[in-house]
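In UniProt numbering, the protein residues as written are 1 to 381. Below: the structure, in structure tokens.
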Ligand SMILES: Nc1ncnc2c1ncn2[C@@H]1O[C@H](COP(=O)(O)OP(=O)(O)OP(=O)(O)O)[C@@H](O)[C@H]1O
Ligand SMILES: CC(=O)N[C@H]1[C@@H]2OC[C@@H](O2)[C@@H](O)[C@@H]1O[C@H](C)C(=O)O
């Protein structure tokens, strides 16, 4: 058993999720115990800087270096905080902060940039730190994302039931897990389904004149009416019809896309609540459309995770669209839905230490299984 800290800040850029976990076992036969978990919000100024870089604002190399340092300091301090009143960990798995993600094309490899360099985190925490998890999958021709499908396979597969694990963070991503028997591993699928909360958060910020950053419980959207004509129009987006493997980010579903949505909505004369209801429906409907188009069959159960799980209106719409397929959360099968991604990076670090692969080629499209992450040792005292 080893104690590992997993650190993650996702596409919502709301803060650093830290999870302190105990991990037992090898490769896909592991068990984990969550000892502590907490979100450490970014200071406002840092968050705004990250969001503006994600929105493609030009910055100098000097500013980039400062940003990289500031993120590493924030990640290191989250790691030290999460273990403060516990027996210390011996390893950190740090995803860092994605500021740019470019999926591969026929002629180019993917490129994915996470800031918050591991060497500095190792130095500041005095703990071996594994970071830059996406690079090796990309070098093997993969999307570099999503990486959680292998962790979902290890922690959430079921001997008889087929499941979809649907993360709704800034971006949505799914792992399809057939029942765990026969050649189940090669039948697993995973990809980014499209927008999760990213567009909703941006729209709420704009519609509330900066007073709100998200639609708490989905209450605002729930008070409006969905414009199905717009949802149908938006679902024509090429991304939803592209077969997996596929990955995306705020580059595609960010500020520019949202402004297009506002323009499209003009002629329908929607209230702010109607607009949010319609945008929420896009998230729900694009998830279900992706399942219909690309899953070998509908799963027997959908387990949600990520912040979108707390958007009760979105959850309700998903259940309606999925009809008889029950929609619950990973909490209900024993895995914390808010901290699953942070836990995943603890597991990825553990696998790297054990020499186990971290990617699932059937999800990322890489040519082979590879070990993920670069190992940074703290300097000896
Ligand atoms: N009570 C709530 N009601 C509605 N939405 C919520 C609530 N709490 C969190 N959220 C949504 O969840 C988002 C954060 O989700 P999460 O932390 O899973 O995203 P992330 O990890 O940054 O994204 P990704 O998985 O794409 O990397 C918030 O930005 C917000 O939109
Ligand atoms: C490039 C990047 O940071 N992608 C994230 C993002 O957030 C959700 C979705 O898009 C997913 O593909 C990925 O994160 C998770 C942790 C993953 O790699 O599985």
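Here a beta-carbon is modelled for each residue, glycine too, at the ideal position from N, C-alpha and C. These numbers come from a predicted model, not from an experiment.
(request) Count the CB pairs spanning the segment 161–177 and the segment 188–197 that are closer than 8 Å, and state whether there are at least three. (result) yes
(message) Please state whether the Cβ-Cβ distance between residue 15 and residue 42 is less than 8 Å.
(response) Taking the chain shown and counting its residues from 1, the one referred to as residue 15 is at position 15. Taking the chain shown and counting its residues from 1, the one referred to as residue 42 is at position 42. The answer is yes: Cβ separation under 8 Å.
(message) Across the segment 151–158 and the segment 25–41, are there enough close Cβ pairs to call them in contact, namely three or more that are closer than 8 Å?
(response) yes
(request) Please classify residue 165: does DSSP put it in a helix, a strand, or coil? (result) Here residue 165 corresponds to residue number 165 of the chain shown, with the count starting at 1. DSSP places residue 165 in strand when its eight states are reduced to three.
(request) Evaluate contact between the segment 94–113 and the segment 227–247, counting only Cβ atoms and requiring at least three cross-stretch pairs below 8 Å. (result) yes
(request) Using a threshold of 8 Å, state whether the C-beta atoms of residue 129 and residue 2 are closer than that. (result) Stepping through the chain shown from its first residue, residue 129 is reached at position 129. Stepping through the chain shown from its first residue, residue 2 is reached at position 2. Cβ distance not < 8 Å, so residue 129 and residue 2 don't count as in contact.
(message) Using 8 Å for Cβ pairs, my map puts residue 303 next to residue 163. What's the rounded Cβ distance?
(response) By 1-based counting over the chain shown, the position of residue 303 is 303. By 1-based counting over the chain shown, the position of residue 163 is 163. So it is a contact: roughly 6 Å between Cβ atoms.
(request) Could you spell out the range, first to last residue, of the beta strand (DSSP E) harbouring residue 214? (result) Position 214 of the chain shown, counting from 1, holds the residue named residue 214. Looking at the DSSP string, residue 214 is not in any beta strand (DSSP E), and its letter there is neither H nor E.
(request) Kindly indicate which three-state DSSP category residue 370 falls into: helix, strand or coil? (result) Here residue 370 corresponds to residue number 370 of the chain shown, with the count starting at 1. Looking at residue 370 - three-state DSSP - the assignment turns out to be coil, as it is neither helix nor strand.
(request) Might you give, ordered along the chain, the residues of its own chain that have their beta carbon closer than 7 Å to the beta carbon of residue 47, omitting 5 neighbours on each side? (result) For the purposes of this step, residue 47 is identified with residue 47 of the chain shown, where counting begins at 1. Once the five neighbours on either side are set aside, the close Cβ partners of residue 47 are 13.
(message) With a threshold of 8 Å on Cβ separation, who are the neighbours of residue 113 within its own chain once the five nearest residues in sequence on each side are excluded?
(response) Walking along the chain shown from the start, residue 113 turns up at place 113. Closer than 8 Å at the Cβ level, and outside the excluded window around residue 113, lie 98, 99, 100 and 101.
(request) Classify residue 214 as buried or exposed, calling it buried when 16 or more other Cβ atoms lie within 10 Å of its own Cβ. (result) Walking along the chain shown from the start, residue 214 turns up at place 214. Per the 10 Å Cβ criterion, buried.
(message) My assumption, with CB atoms under 8 Å, is that residue 279 sits in contact with residue 200. Please give the rounded CB distance.
(response) Here the question's residue 279 lines up with position 279 in the chain shown. Here the question's residue 200 lines up with position 200 in the chain shown. Confirmed, about 6 Å.
(request) Confirm the yes/no value for this check: CB of residue 309, any heavy atom of ligand 2, distance under 7 Å. (result) Position 309 of the chain shown holds residue 309. No; taking the cut-off as 7 Å, the Cβ of residue 309 has no heavy atom of ligand 2 nearer than that.
(message) Here's the rule: buried if 16 or more other CB atoms are within 10 angstroms of the residue's CB, otherwise exposed. What is residue 292?
(response) For the purposes of this step, residue 292 is taken as residue 292 along the chain shown, with counting starting at 1. It is exposed - the Cβ of residue 292 has fewer than 16 other Cβ atoms within 10 Å.
(message) With distance defined between alpha-carbon atoms, name the residue in 378, 348 and 218 nearest to residue 4.
(response) Mapped onto the chain shown, residue 4 falls at position 4. Measuring from the Cα of residue 4, the nearest candidate turns out to be 348.
(message) Quick check on residue 355: buried or exposed, where buried means 16 or more other Cβ atoms within 10 Å of its Cβ?
(response) In the chain shown, residue 355 corresponds to position 355, counting from 1. Classification of residue 355: exposed, given that the 10 Å Cβ count is below 16.
(message) I'd like to know whether the C-beta atoms of residue 225 and residue 310 end up nearer to each other than 8 Å.
(response) Numbered from 1 along the chain shown, position 225 holds the residue referred to as residue 225. Numbered from 1 along the chain shown, position 310 holds the residue referred to as residue 310. Not a contact, by the Cβ cut-off of 8 Å.
(message) What does the alpha-carbon distance come out to for the pair residue 317 and residue 203?
(response) Residue numbering aside, residue 317 sits at position 317 when the chain shown is read from its first letter. Residue numbering aside, residue 203 sits at position 203 when the chain shown is read from its first letter. Spanning the two alpha carbons is a distance of roughly 19 Å.
(request) Taking residue 7 and residue 78 to be in contact with their CB atoms under 8 Å, please state how far apart those CB atoms are, rounded to whole angstroms. (result) One-based indexing of the chain shown puts residue 7 at position 7. One-based indexing of the chain shown puts residue 78 at position 78. At roughly 6 Å, the Cβ-Cβ gap stays under 8 Å, so residue 7 and residue 78 are in contact.
(request) Return yes when the Cβ of residue 133 is within less than 8 Å of the Cβ of residue 358, no when it is not. (result) As a working note, residue 358 is residue 358 in the chain shown. As a working note, residue 133 is residue 133 in the chain shown. Against a cut-off of 8 Å, the Cβ pair of residue 133 and residue 358 comes out as a contact.
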